[in-house]
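J.:
Residue numbers (the working numbering), protein chains in the order written: chain A, 1 to 528; chain B, 1001 to 1528.
1. Going by the DSSP bridge assignment, what does residue 55 of chain A pair with across the sheet?
2. Tell me whether the region 1395 to 1405 of chain B and the region 1422 to 1430 of chain B touch, counting them as touching only if at least three CB pairs, one residue from each stretch, are closer than 8 Å.
3. In this structure, does DSSP put residue 1349 of chain B in helix, strand or coil?
4. DSSP state of residue 462 of chain A, grouped into three classes?
5. For a cutoff of 8 Å on Cβ pairs, would you count residue 84 of chain A as touching chain B?
6. Short of 8 Å Cβ to Cβ, which residues in the region 172 to 191 of chain A face chain B?
7. Taking the alpha-carbon positions, what's the residue 73 of chain A to residue 82 of chain A distance?
8. Nearest by alpha-carbon distance to residue 1299 of chain B: which of B/1337, B/1484, B/1360 and B/1338 is it?
9. List the residues of chain B whose Cβ lies closer than 7 Å to the Cβ of residue 420 of chain A, in chain order.
10. Just to check my reading of the structure: residue 275 of chain A and residue 319 of chain A have Cβ atoms closer than 8 Å, yes? What is that Cβ distance to the nearest angstrom?
11. Starting from residue 1499 of chain B, trace the alpha helix (DSSP H) in both directions and tell me its first and last residue.
12. Just to confirm, are residue 1184 of chain B and residue 1167 of chain B a CB contact at a threshold of 8 Å?
13. Just the Cα atoms here: how many angstroms apart are residue 1227 of chain B and residue 387 of chain A?
14. With DSSP collapsed to three states, give me the class of residue 1028 of chain B.
15. Residues in its own chain within less than 8 Å of residue 528 of chain A by CB, not counting five upstream and five downstream?
16. Excluding the five sequence neighbours on either side, which residues of its own chain have a C-beta within less than 6 Å of the C-beta of residue 1131 of chain B, listed in chain order?
17. Would you call the region 335 to 342 of chain A and the region 270 to 289 of chain A in contact, with 3 or more CB pairs under 8 Å?
18. At what residue ranges does the region 190 to 240 of chain A contain a whole run of the alpha helix (DSSP H), taking only runs of 4 or more?
19. Using a Cβ-Cβ cut-off of less than 9 Å, list which residues of the region 445 to 464 of chain A approach chain B; keep chain order.
20. Please tell me whether residue 222 of chain A and residue 236 of chain A are closer than 8 Å, where the distance is taken between their beta carbons.
21. Which runs of the alpha helix (DSSP H) spanning at least 4 residues fall entirely within the region 303 to 353 of chain A, listed in chain order?
22. Starting from residue 505 of chain A, find everything on chain B with Cβ-Cβ shorter than 8 Å and list it in chain order.
23. What are the boundary residues of the alpha helix (DSSP H) that includes residue 244 of chain A?
24. In whole angstroms, give me the CA-to-CA distance for residue 36 of chain A and residue 140 of chain A.
25. Let me know if residue 475 of chain A comes out buried or exposed under the rule of 16 or more other beta-carbons within 10 Å of its beta-carbon.
26. Could you tell me whether any Cβ in chain A is nearer than 8 Å to the Cβ of residue 1523 of chain B?
27. Might you give, ordered along the chain, the residues of its own chain that have their beta carbon closer than 7 Å to the beta carbon of residue 1087 of chain B, omitting 5 neighbours on each side?
28. Run through chain B and tell me which residues come within less than 9 Å of residue 519 of chain A, C-beta to C-beta.
29. Alpha carbon to alpha carbon, what distance is there between residue 1382 of chain B and residue 1355 of chain B?
30. Going along chain A in order, which residues have a C-beta closer than 7 Å to the C-beta of residue 1509 of chain B?
31. Just how far apart, CA to CA, sit residue 1477 of chain B and residue 1398 of chain B?
32. Please decide whether residue 203 of chain A counts as near chain B, where near means a Cβ-Cβ distance under 8 Å.
33. Can you check the region 1353 to 1427 of chain B for any alpha helix (DSSP H) of at least 4 residues that lies completely inside it and give the ranges in chain order?
34. Scan the region 1479 to 1508 of chain B for residues whose Cβ lies nearer than 9 Å to a Cβ of chain A and list them as they occur along the chain.
35. Along chain A, in chain order, which residues have C-beta atoms closer than 8 Å to that of residue 1217 of chain B?
36. Could you compute how far the alpha carbon of residue 1027 of chain B sits from the alpha carbon of residue 1164 of chain B?
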């Protein structure tokens, strides 16, 4: 005997057990986020063993680093964190564990690594296993996340159930680059906070943490080659050691998340000069970096040399946006240098960006640059460039028409610091708008939502990110033809996901209203 | 060689090592929160071993439940969570661990348990220990928290240091009751979120979690004696099983935090009737609980009987506030009952509260009631009553003059949902205002800050609580004569504590402005 909840009347309808099983499907619907490529299910309920096991029968992946074991334990903890489960248990339809078979023995997280997976949850047996198959361990991690979202706590029996079995899910991401930007220059974010952001990203299968490390306001990172750079930090303790950076990368990669490091040059660099004042055009005119000074490029080379030992992602971000070159023309020694080299301000901007690109390439990186570089001298950029759109829509189509790669972050829709950008806008922002040529479509690597830090610190970062970032995450993961044309069609599923984030301790804000809204009145999480 | 940070100029002054040690004291000051009763220190820096050990030489406490070991490991994790420490290490002035000597073998968390402690950190030796002495394990837990606040990460050597040793700290709380209210009726708070609130309470030595479990809007808790009560929950999954409640109590008690359960009667009870409609005066007039119906008291008895097996705190909270009795006089069968019993509305309100008190007493509880009960019929309340002030100031003095005990939560200063109540008001709110008689002073058990949940859910609870609750926590812990007369004198120390909370992953908001402010501009945590 059990009951079906009617939220309107708050009555609990008692039904026969058999009815309950199928009715849960209709009550909960298919509440996976993001929606998989294909998911088929039946109508049986099965029970998770309280001694749920990981098995790796048929796997080529040895898990020497413990990555899979750790992910499995994390998943079990998530499933069980919410409620104390009962030791009394049905002795039938008990799922004993999950068997994970990974084809590749390699767990290096390269860009474009195969993230696909197959998940099968049978409906019957006395002690049977769910089956996960994946080309790489990173596909298997996504499968575990999907599996966790199939599990429900039954408040009558107090056991964890899996409804609507058997399940067969085939899944893979639409785009290989699904990013979230954090900004540790405008406000320092402690390492445990960055780790919690990484944790939360994995719940909606985002896979790139774009770390906008430094900017005008502060330079929090230790750079061994130029140890005075972090004199530009806000304070003694608002800093990251290089080992902290290594730890953040290690932590992220073990969860399938790449870390994209950014140094934004030549603008947005005021904080660099606190340690090395000669990087400033002058003491009174303190950015962009002095284009006439070889030391500027030596420092960039030192930073990228250090980065190449820490940030193993294929890309480094070199910024290049919002460069106001007036200090170059008003500072006598730079003005003289421009004259000597027959450059105007635009030439010097291009010269700086391209030279920085070459330095990055010499350290093995492909480069990401903000779109102003493309808008000003797109034909001169290295073919290794990925153009990062932000100013508005319509840029990606131009970039890929020119044969370059692109990442979409148009600020009107995908800037999380725009509090008036609602989740519906995040959901409907389509990276391939006006791009129909399949070759050009492939040049759009994906997109990224940006959590700029002017008004963001530990106190408000997570509720400003979530649930809006999750709306974009489905756009980036789910096949186009499975995406809702009208975002209101996914409201209840996204609300369900936001409540799931809450249960996992993530401070995801209500859906109603704009970003970071506080609840407007008492009510259910699922309705707010 | 190292540097002293000048936040204004962002310059790092190089000093000889010996200078550094003493200068850290002036840079960081005495940044403990709350301020201990007495703290003396020297000027030496010592280093925490990377293999920091717990020892219990001379302790009578066997730690059979692992409570101390767990607390020690938690503390080490907190100290080390922020930055990766270096394996290279000085071979002198290394603190090998902490020795904890507890007098009492008992780790039952009774109300008024001795929370005092003595902490000594020596300055010299080759492999020496800090010494903690406490009457009970709960004093020792506070000592570990204080110890953790003495530790700093050195960004040059990458080791954890303890500055200004030797330290001798004698400490004990001013009030035995230092509470925080959470409200799971207006919005459901998942169990992991409640646990994270409990964690954060221990950082400022709060020791009572007042769990306002149910109210008009929802009844989320399973009550085994009356299993339909939680039909009044918002939804199927926004509920706590009785085992969840047991787990919350267990979790809190292991950290020295008592859980005060509240059922607010006879008002604030609309949600009760979804499961048992006869508790409503009528279907159209649904609160207070039907005073004429014996079933109302049977249900209260059942709840408190179940509570007595779960909530082992000396007190249960029976509410009693904001009772609008109009449904009693407009519902014919109740009106008739009132007439039969020669009661008016006030009489019936008193009758209900006193009868509920007697039920609680029969289950072994002392009772806490909101102040309206005292304001209306204070002379009739059980001597086991603690009056919970909330409407305004000036109540405690009347309560204790009448020989009853009191808890202070005047809403103008200590209601966290009052977003316009600033931390300065939380800090300066004095529970003993106008109470000079020592016997009467002892009747003020302490105070409580209240996080009512109308606009609070997982997304915004922690930054609405912190740092303002911490300001009240010092008022409740620190001896009166060590409290700042002008709150601005503690601004930088409180800012330091708020940044410490952030480093520990707690979403404490900026100090500047009112409650739950987002950062107004880029800047250092220590300045916002």
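All residues carry an ideal CB built from backbone N, CA and C; glycine is no exception.
T.: Walking through what the data contain:
1. Looking up residue 55 of chain A in the first chain gives position 55. Residue 55 of chain A pairs with A/99.
2. no
3. On the second chain, residue 1349 of chain B is found 349 positions in, with the first residue counted as 1. Residue 1349 of chain B falls in the helix class under three-state DSSP.
4. Translated into the one-based positions of the first chain, residue 462 of chain A becomes position 462. DSSP places residue 462 of chain A in helix when its eight states are reduced to three.
5. Working through the first chain from its first residue, we reach residue 84 of chain A at position 84. Yes, residue 84 of chain A counts as interfacial toward chain B.
6. 185, 186, 187, 188, 190 and 191
7. Taking the first residue of the first chain as 1, we reach residue 73 of chain A at position 73. Taking the first residue of the first chain as 1, we reach residue 82 of chain A at position 82. Cα to Cα, the separation comes out at about 15 Å.
8. For the purposes of this step, residue 1299 of chain B is taken as the residue at position 299 of the second chain. Checking every option, the nearest Cα to that of residue 1299 of chain B belongs to B/1360.
9. If you number the first chain from 1, residue 420 of chain A lands on position 420. Under the 7 Å cutoff, chain B gives no residues; its nearest Cβ is about 14 Å from residue 420 of chain A.
10. Stepping through the first chain from its first residue, residue 275 of chain A is reached at position 275. Stepping through the first chain from its first residue, residue 319 of chain A is reached at position 319. 19 Å between Cβ atoms; not a contact.
11. Residue 1499 of chain B sits at position 499 when you count from the first residue of the second chain. Element bounds for residue 1499 of chain B: 1491 to 1503.
12. Your numbering for residue 1184 of chain B matches position 184 in the second chain. Your numbering for residue 1167 of chain B matches position 167 in the second chain. No.
13. Here the question's residue 1227 of chain B lines up with position 227 in the second chain. Here the question's residue 387 of chain A lines up with position 387 in the first chain. Cα-Cα distance, rounded: 60 Å.
14. The residue given as residue 1028 of chain B occupies position 28 in the second chain. Low confidence applies to residue 1028 of chain B: its pLDDT is 47, below 50, so where it sits in the model is not reliable enough to give any reading.
15. Start at 1 with the first residue of the first chain, and residue 528 of chain A comes out as number 528. Around residue 528 of chain A: 495, 510, 511, 512, 519 and 520.
16. As a first step, residue 1131 of chain B must be located in the second chain, where it is residue number 131. 1099 and 1120.
17. no
18. 191 to 203
19. 453, 454, 455, 456, 457, 458, 459, 460, 461, 462, 463 and 464
20. Position 222 of the first chain holds residue 222 of chain A. Position 236 of the first chain holds residue 236 of chain A. Not in contact: residue 222 of chain A and residue 236 of chain A (Cβ atoms no closer than 8 Å).
21. 326 to 330 and 332 to 340
22. Residue numbering aside, residue 505 of chain A sits at position 505 when the first chain is read from its first letter. Neighbours of residue 505 of chain A on chain B, chain order: 1190, 1192, 1193, 1196 and 1458.
23. In the first chain, the residue the question calls residue 244 of chain A occupies position 244. That run of the alpha helix (DSSP H) goes 242 to 253.
24. Locating residue 36 of chain A in the first chain gives position 36, counting from the first residue. Locating residue 140 of chain A in the first chain gives position 140, counting from the first residue. Their backbone Cα atoms lie some 14 Å apart in a straight line.
25. Counting from one through the first chain, the residue named residue 475 of chain A turns up at place 475. So residue 475 of chain A ends up on the buried side.
26. Counting from one through the second chain, the residue named residue 1523 of chain B turns up at place 523. It does: the Cβ of residue 1523 of chain B has a partner Cβ on chain A nearer than 8 Å.
27. What you label residue 1087 of chain B is simply residue 87 of the second chain in a count that begins at 1. Cβ neighbours of residue 1087 of chain B beyond the five flanking positions: 1050.
28. Looking up residue 519 of chain A in the first chain gives position 519. Here the neighbours are 1186, 1187, 1453, 1454, 1455, 1456, 1457, 1459 and 1460.
29. The residue given as residue 1355 of chain B occupies position 355 in the second chain. The residue given as residue 1382 of chain B occupies position 382 in the second chain. So the two alpha carbons sit approximately 10 Å from each other.
30. Counting from 1 along the second chain, the entry for residue 1509 of chain B is found at position 509. Under the 7 Å cutoff, chain A gives 459.
31. One-based indexing of the second chain puts residue 1477 of chain B at position 477. One-based indexing of the second chain puts residue 1398 of chain B at position 398. About 23 Å.
32. The count along the first chain starts at 1 and reaches residue 203 of chain A at position 203. Taking Cβ atoms only, chain B never reaches closer than 8 Å to residue 203 of chain A, which makes this a no.
33. 1371 to 1377, 1395 to 1401 and 1411 to 1414
34. 1498, 1499, 1501, 1502, 1503, 1504, 1505, 1506, 1507 and 1508
35. Working through the second chain from its first residue, we reach residue 1217 of chain B at position 217. Here the neighbours are 522 and 523.
36. Within the second chain, residue 1027 of chain B is the residue found at index 27, counting from 1. Within the second chain, residue 1164 of chain B is the residue found at index 164, counting from 1. Confidence at residue 1027 of chain B is low in this model, with a pLDDT of 40, below 50, so its placement is unreliable and the value that follows should be read with caution. Spanning the two alpha carbons is a distance of roughly 11 Å.
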